[in-house]
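Residue numbers (full-length UniProt numbering), protein chains in the order written: chain Z, 1 to 125; chain S, 1 to 125. Positions of the beta carbon are idealized from the N, C-alpha and C atoms, including for glycine.
Number of protein chains: 2
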Amino acid sequence: MSSYTPAETAEKSGFSIDTLRYYEKIGLLPGIARNAAGRRVFSDGDLGWLTMLRCLRETGMPLAEMRRYSLLVQAGAETVQERLDLLQDHDRRVEERIARLREQQDQVRMKIGFYTDALCESLPV
Amino acid sequence: MSSYTPAETAEKSGFSIDTLRYYEKIGLLPGIARNAAGRRVFSDGDLGWLTMLRCLRETGMPLAEMRRYSLLVQAGAETVQERLDLLQDHDRRVEERIARLREQQDQVRMKIGFYTDALCESLPV
DNA sequence: ACTTGACCTGGAGTCCACTCCAGGTGGGAT
DNA sequence: ATCCCACCTGGAGTGGACTCCAGGTCAAGT
Chain Z
1 MSSYTPAETA
11 EKSGFSIDTL
21 RYYEKIGLLP
31 GIARNAAGRR
41 VFSDGDLGWL
51 TMLRCLRETG
61 MPLAEMRRYS
71 LLVQAGAETV
81 QERLDLLQDH
91 DRRVEERIAR
101 LREQQDQVRM
111 KIGFYTDALC
121 ESLPV
Chain S
1 MSSYTPAETA
11 EKSGFSIDTL
21 RYYEKIGLLP
31 GIARNAAGRR
41 VFSDGDLGWL
51 TMLRCLRETG
61 MPLAEMRRYS
71 LLVQAGAETV
81 QERLDLLQDH
91 DRRVEERIAR
101 LREQQDQVRM
111 KIGFYTDALC
121 ESLPV
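Put into structure tokens, the structure is as follows:
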């Protein structure tokens, strides 16, 4: 049960301090504590939430949908089904994304093969 | 050896007409022919190039790098090695991307598992 | 002769996700 | 006492990739 300054949190979470402030402002980080001087104090729970946000964001979820998820979490236990639906939809999109990336990677590799051949042919014999 | 209007090209390539114009403007589509009235006339070759661009784009290559690739292609045969390097770098990035997506998908699925369990536990017995 | 519709141009506007800035505060080190 | 530094706020600015708009042209249909 530790607490962290904005700088530490930025370092641990991989988000910049500006991004942390921005996320709080748009409602992605509810309930961040403040000390007597008005400065943010992040908890281990906040760190965990940030890890989740990072995961969603890097898998391509837009901030608007992350905000929706955040609101559902805040709304309490009766939103569990909705959260589940949201995450399952997201999981499906990630799956499609990966499949599509693989196909396109194959295309790129065909092109690479083509250029490799071109280079070989042009070698002096 | 057919030729296509902007509308047909948009339909076949999946880029909007505005995007086609934009790509031509920033140098991604060199040598697009025009008819007597000044309208664009796309060839099968252009279509093929657009397919390549789409592939690079959807695998996350920024327009600036696509432009660099485009310039290399225009510069002729002595840039084949550079093109190869560029595509191989890109391929590596795509590979990393896919691996990372898989890891993060696992995280999402753990969360889904957690919520599924939560729902099961809360079922009336 | 006239309208329609697909196209043209240059340039402005939009959206997303930050990122930066000016001006201000409070606490600890020298 | 003073200085520094990490932090605060509201709001403006940025970068990437489009997307839209006003005003104009041409060819074909009625």
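Quiz prompt | Contact set between residue 58 of chain S and chain Z, taken where Cβ atoms lie within less than 9 Å | solution = Within the second sequence, numbered from 1, the residue matching residue 58 of chain S stands at position 58. Result: 100, 101 and 104.
Quiz item: Going by C-alpha distance, which of Z/31, Z/37, Z/58 and Z/39 is nearest residue 45 of chain Z?
Solution: Sequence index remark: in the first sequence, residue 45 of chain Z carries index 45 (1-based). Minimum Cα distance to residue 45 of chain Z is reached at Z/31.
Quiz prompt | Contact list for residue 116 of chain Z against chain S, beta-carbon separation under 8 Å | solution = The residue given as residue 116 of chain Z occupies position 116 in the first sequence. The contacting residues are 84.
Practice problem: Since I believe residue 97 of chain S is in contact with residue 60 of chain S (beta carbons under 8 Å), could you give me their beta-carbon distance rounded to a whole number of angstroms? | Solution: Locating residue 60 of chain S in the second sequence gives position 60, counting from the first residue. Locating residue 97 of chain S in the second sequence gives position 97, counting from the first residue. With a Cβ gap of about 7 Å, residue 60 of chain S and residue 97 of chain S count as contacting.
Quiz item: Hey, residue 86 of chain S and residue 67 of chain S are a contact pair by Cβ (cut 8 Å); roughly how many whole angstroms apart?
Solution: Position 86 of the second sequence, counted from the start, is the residue given in the question as residue 86 of chain S. Position 67 of the second sequence, counted from the start, is the residue given in the question as residue 67 of chain S. Cβ-Cβ separation between residue 86 of chain S and residue 67 of chain S: approximately 11 Å, too far for a contact (criterion under 8 Å).
Exercise. Jot down the residue ranges of each uninterrupted beta strand (DSSP E) in the stretch 35-70 of chain Z, minimum 3 residues, whole runs only, in chain order.
Key: Listed in chain order, the beta strand (DSSP E) elements of length 3 or more contained wholly in the stretch 35-70 of chain Z are 40-43.
Quiz item: Is any beta-carbon of chain Z found at less than 9 Å from that of residue 74 of chain S?
Solution: The count along the second sequence starts at 1 and reaches residue 74 of chain S at position 74. For residue 74 of chain S, no CB of chain Z lies under 9 Å from its own CB, so it is not counted at the interface with that chain.
Quiz item: Given a threshold of 16 other Cβ atoms within 10 Å of its Cβ, counted over all protein chains shown, does residue 100 of chain Z qualify as buried or as exposed?
Solution: The residue given as residue 100 of chain Z occupies position 100 in the first sequence. Classification for residue 100 of chain Z: exposed.
Self-check item: Meets three-Cβ-pair contact criterion under 8 Å: the stretch 105-123 of chain S and the stretch 81-95 of chain Z
Solution: With the cut-off at 8 Å, the stretch 105-123 of chain S and the stretch 81-95 of chain Z touch.
Quiz item: Between residue 29 of chain S and residue 56 of chain S, is the Cβ-Cβ spacing less than 9 Å?
Solution: As a working note, residue 29 of chain S is residue 29 in the second sequence. As a working note, residue 56 of chain S is residue 56 in the second sequence. In this structure, residue 29 of chain S lies away from residue 56 of chain S, with their beta-carbon atoms at least 9 Å apart.
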